[in-house]
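In the working numbering, the protein residues as written are 1 to 517.
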């Protein structure tokens with residue numbers, strides 16, 4: 001009996017070492033690919049990068065937060081400098097329209113920049129790009145921890161989830177730029193992780209309350225688009241008392257006064273204090289009830305494209321077409337200041353990739369609620385709370401586009417972790433031996449239909465569609481051939497290919513498209 005236990009322990013230790021090695025490879029690939037984007041992308045050719053850089057430089061030079069004011073946004077000059085590809089003789093110092101943003105990223109970036117106080121501006125820019133890339137690195141570690149916490153028996157799910165977020169081409173490019181997106185995703189993912197840990201851990205202490213409360217405070221001081229996670233955190237705190245109740249664990253609910261006071265202090269007082277400090281500062285600076293500085297922002301960005309103007313000029317159907325098309329393109333890859341597009345074949349490839357991920361997510365939800373019991377009630381609650389954050393991101397994106405014409409898919413990146421929590425397990429379930437031949441035949445049939453369409457022009461399908469569908473058919477067919485031993489590798493394979501595609505896109509499209517004339 002002891003010998004059997006020892007063999008089992010050695011097997012688990014070997015599997016853990018393999019898991020950590022694969023994770024290390026994924027993270028190194030992310031850092032390597034991101035560094036190429038950071039150093040090869042020409043200066044200022046990441047959306048809003050000059051404005052974010054000037055925010056950091058203002059703090060570093062004056063030790064004060066900037067105040068957004070008229071003149072910080074000049075639409076005509078911005079269009080000229082973008083059209084000229086940011087030549088050295090056109091200064092970016094007047095581009096300061098991000099000064100209303102919460103300060104956490106910028107203060108930390110200014111501290112990071114301090115050793116390069118006397119370095120050339122170009123070196124400072126690349127240093128801050130690497131800083132953002134490192135924040136993305138830590139965000140990937142949080143994603144890994146979230147998967148391992150929620151699905152402790154599925155290491156391959158965690159690895160695939162990390163790879164999906166790490167190697168999405170547009171996301172990789174944004175993580176290698178100077179902006180507060182990387183910090184926003186980090187604090188949002190931390191809040192989701194601590195919310196999940198708060199609900200899933202059998203026992204809690206003061207550290208659990210403190211971690212969640214501080215993560216919520218960090219969200220408030222990072223970016224308004226990350227605020228969508230706060231309802232999830234508050235619900236986790238509210239439901240936490242039921243974790244000892246019949247609904248989630250069995251038994252009778254009990255109220256611990258110490259835990260109640262800890263919950264009130266860390267879950268309410270600390271975030272409220274953080275909010276009051278930041279919101280109070282904005283009221284003092286901008287006046288009225290402009291707690292987020294968005295009222296001042298709307299006054300300053302005169303000339304920025306508005307949705308109402310676009311609809312008046314082109315009609316509502318044209319707006320819907322732009323919203324869907326531009327959002328999809330810029331979610332996967334529309335680089336620079338949205339001016340560098342890929343060939344249509346690549347968007348077709350990403351369209352089928354999206355369709356597969358949507359299919360896997362739907363299949364996972366179906367199995368979760370109408371199939372055999374896969375997870376505990378607590379795990380299901382955590383999954384649903386994470387999806388609440390993802391839905392909040394979509395709602396915030398649509399709401400923002402009611403006023404401003406900002407159809408940029410990168411604004412949906414805060415939802416990547418919630419979406420990965422559905423798509424990756426769903427893809428795993430579709431790699432079951434019973435499902436793989438059905439999917440292989442289905443995609444093969446789609447490929448044949450595309451070939452027929454290309455010959456007859458009966459449907460809007462072409463040879464490229466046939467090729468992509470045939471590749472997916474081979475993917476599921478080879479998964480069945482390899483068997484369950486390589487199921488984890490098959491799960492990871494599409495996302496590793498995505499990294500190679502991201503690097504190909506960098507050299508084939510991004511760099512030529514952003515080259516100076």
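No residue lacks a Cβ here, since even glycine has one placed at the ideal position from N, Cα and C. Please read these numbers as outputs of a predicted model, since none were measured by experiment.
Can the beta-carbon of residue i be found closer than 8 Å to that of residue j?
i	j	result
residue 59	residue 107	yes
residue 77	residue 97	no
residue 229	residue 389	yes
residue 113	residue 25	no
residue 330	residue 170	yes
residue 294	residue 263	no
residue 164	residue 495	yes
residue 226	residue 188	yes
residue 186	residue 162	no
residue 116	residue 38	no
residue 409	residue 306	no
residue 109	residue 130	no
residue 30	residue 166	yes
residue 183	residue 111	no
residue 407	residue 326	yes
residue 28	residue 498	no
residue 224	residue 195	no
residue 503	residue 36	yes
residue 444	residue 454	no
residue 234	residue 125	no
residue 510	residue 375	no
residue 405	residue 279	no
residue 426	residue 363	yes
residue 545	residue 430	Limits of the chain in this structure are 1 at one end and 517 at the other, which puts residue 545 out of reach.
residue 290	residue 296	yes
residue 354	residue 464	no
residue 350	residue 332	yes
Quick one: what does DSSP say residue i is sitting in, helix, strand or coil?
i	result
residue 306	strand
residue 504	helix
residue 269	helix
residue 285	helix
residue 381	helix
residue 513	helix
residue 246	Because residue 246 sits at a pLDDT of 46, beneath the cut-off of 50, its placement in the model cannot be relied upon, and the following sentence gives the value as read from the coordinates. It is coil, neither helix nor strand.
residue 53	helix
residue 67	coil
residue 20	helix
residue 375	coil
residue 221	coil
residue 459	coil
residue 185	helix
residue 86	coil
residue 251	Unreliable positioning characterises residue 251 in this predicted model, as indicated by a pLDDT of 43, which lies under 50. The coordinate reading is nonetheless provided below. Correct three-state label for residue 251: coil.
residue 100	coil
residue 73	coil
residue 47	coil
residue 179	coil
residue 15	helix
residue 315	coil
Assuming residue i and residue j form a contact by the criterion Cβ under 8 Å, report the distance between their Cβ atoms to the nearest whole angstrom.
i	j	result
residue 82	residue 337	5 Å
residue 584	residue 156	For residue 584 there is no data in the structure shown, the boundaries of the chain being 1 and 517.
residue 192	residue 386	6 Å
residue 417	residue 160	Not quite, the Cβ-Cβ distance comes to about 13 Å (not below 8 Å), so this is no contact.
residue 340	residue 514	6 Å
residue 66	residue 222	About 16 Å separates the two Cβ atoms, so there is no contact after all.
residue 215	residue 190	5 Å
residue 122	residue 43	6 Å
residue 505	residue 342	7 Å
residue 180	residue 286	Not a contact, Cβ separation roughly 19 Å.
residue 75	residue 304	6 Å
Can you tell me which residues form a DSSP beta bridge with residue i?
i	result
residue 404	306
residue 320	In the DSSP output, where bridge partners are listed per residue, residue 320 has none listed.
residue 335	340
Would you say the stretch 442-451 touches the stretch 465-481, given that touching needs at least three Cβ pairs under 8 Å?
yes
Sufficient close CB pairs (3 or more, under 8 Å) joining the stretch 65-72 to the stretch 297-308
yes
Check whether the stretch 422-438 touches the stretch 354-374, taking contact to mean three or more Cβ pairs, one atom from each stretch, closer than 8 Å.
yes
Taking 8 Å as the cut-off, does the stretch 322-339 touch the stretch 374-386 (at least 3 CB pairs, one atom from each stretch)?
no
Touching by the beta-carbon criterion (3+ pairs, under 8 Å), the stretch 40-53 and the stretch 134-154
Verdict: no, contact absent.
Would you call the stretch 169-185 and the stretch 400-413 in contact, with 3 or more CB pairs under 8 Å?
yes
Across the stretch 390-408 and the stretch 205-215, are there enough close Cβ pairs to call them in contact, namely three or more that are closer than 8 Å?
no
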